[in-house]
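Peer 1: Residue numbering for the sequence shown follows my numbering, beginning at 698 and increasing consecutively.
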Amino acid sequence: MTVKASVSISDQQDAFARRLVEEGRYASVSAVVQRGLELLRKETERKEAEIKALRALIEERSKGPFLTMEESRQRIDEMLVRKKAALGL
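1. Answer yes or no: do L717 and V729 have a C-beta to C-beta separation smaller than 9 Å?
2. Would you mind stating whether R715 and V726 have Cβ atoms separated by less than 9 Å?
3. Between L764 and R772, is the Cβ-Cβ spacing less than 9 Å?
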């Protein structure tokens, strides 16, 4: 289903869209706007999925054991020693 909508765009956006049409990359300015909206929809969905995954990770981690600052430093130091050894440093 297609819905007609009236939108306002800037002179620069219009010139860009018309150039894309003239170059044969899109059939019409409407097609350019549709593609832009589709890209924005996909980007928004991707960001929402990332935020949902991060929230789930934070929730999961908040249920686990917590390390003291000293334990954290010790683990980091041990990791650095292993990484340097693996790199021959």
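Virtual Cβ for every residue (Gly too), placed ideally from N, Cα, C.
Peer 2: This is what the structure holds:
1. As a position in the sequence shown, residue 717 is number 20, starting the count at 1. As a position in the sequence shown, residue 729 is number 32, starting the count at 1. Yes, these two residues count as a Cβ contact at 9 Å.
2. Walking along the sequence shown from the start, residue 715 turns up at place 18. Walking along the sequence shown from the start, residue 726 turns up at place 29. For R715 and V726, yes; Cβs fall inside 9 Å.
3. Taking the first residue of the sequence shown as 1, we reach residue 764 at position 67. Taking the first residue of the sequence shown as 1, we reach residue 772 at position 75. For L764 and R772, yes; Cβs fall inside 9 Å.
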